[in-house]
Amino acid sequence: MPAVEREPNTSRRGFGGHANSLRSELTQLLLELDLRPGDPIPSENTLIERLNVSRGSLREALKTLQAQGILEARHGSGTFVSRLSFEGFADGLIFHSRLSGEGAVRTATELADLRQILETELIQRVAVNGASEPVVVRLGQIVDEMGRRAEADESLDDLDREFHAKLYSDLDLPLMGQLLEAFWLALAWAKPMPAASQDETDAVERHRAIVEAVVSRDPAAAAEAMRQHFANTQRWISGSGDPAL
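The numbering of the sequence shown is my numbering, which starts it at 25 and goes up by one.
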């Protein structure tokens, strides 16, 4: 099969298809170079020569890959392969959650479902492996503080956020932690206004049940406690209460 001739670099400018083609070629080149996260990419001059493109077209492609989280520019150092992260995904998810408008209840419901699916699996792993003493101690402190705030009719949101992050910290799954954080924040933005009185005390007890199941190393009880926690969240979303997220 004859080789496909490369289009002149001037044809790339102003055409979305050509710009996409250049980004694809640049990405493929970086893969062929067997780069790893944190590695510097070749210089602009080298890339211009390898890809046969103009400097302006190359810089536009580099900017797009930076926006996609594939590359990162470091002032005074150059451009490097990014480390895998859900930060960009989280920003987009939160933004669209804030745009939900009349679909706020549906958006919140789906986000809670996603969290339940992930956390019901993760909590069983925590229970099987057993949480470290520092984690158990901190979880107990968080639940106790939740109880004090519930009695004072104060928000539990920041404590709930820390609780769920701390709960899986022993698993050493940084990407999963970022994903759960993204879902937590998006749900916080998407939540509809509560239609009924708050029930923070019940929320505290459901968090306490999760900790007790983890301490007992009972994965079935841990999974059920987590399901009950999110059942409470879904009741809140539908307007029958306002527990912690």
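Just so you know, even glycine gets a beta-carbon here, dropped at the ideal spot from N, CA and C.
Look at residue 102 here: in three-state DSSP terms it is strand.
A buried status is given to residue 234, since no fewer than 16 other beta-carbon atoms sit within 10 Å of its beta-carbon. CA-CA distance, residue 241 to residue 171, rounds to 24 Å. Here residue 102 really is in contact with residue 64; their C-beta atoms are around 5 Å apart, less than 8 Å. In the DSSP assignment, residue 134 is bridged to no other residue.
Within the segment 176-223, the complete alpha helix (DSSP H) segments of 4 residues or longer fall at 181-191, 198-214, listed in chain order. The beta carbon of residue 215 lies closer than 6 Å to those of 132 in the same chain, with the five residues before and after it left out.
Burial check for residue 189: the Cβ neighbour count within 10 Å stays below 16, so the residue is exposed.
Residue 123 carries a coil assignment under DSSP once its states are collapsed to helix, strand and coil. A distance below 7 Å separates the beta carbons of residue 110 and residue 206. Check the Cα spacing between residue 210 and each of 119, 256, 105, 80: the tightest is with 119.
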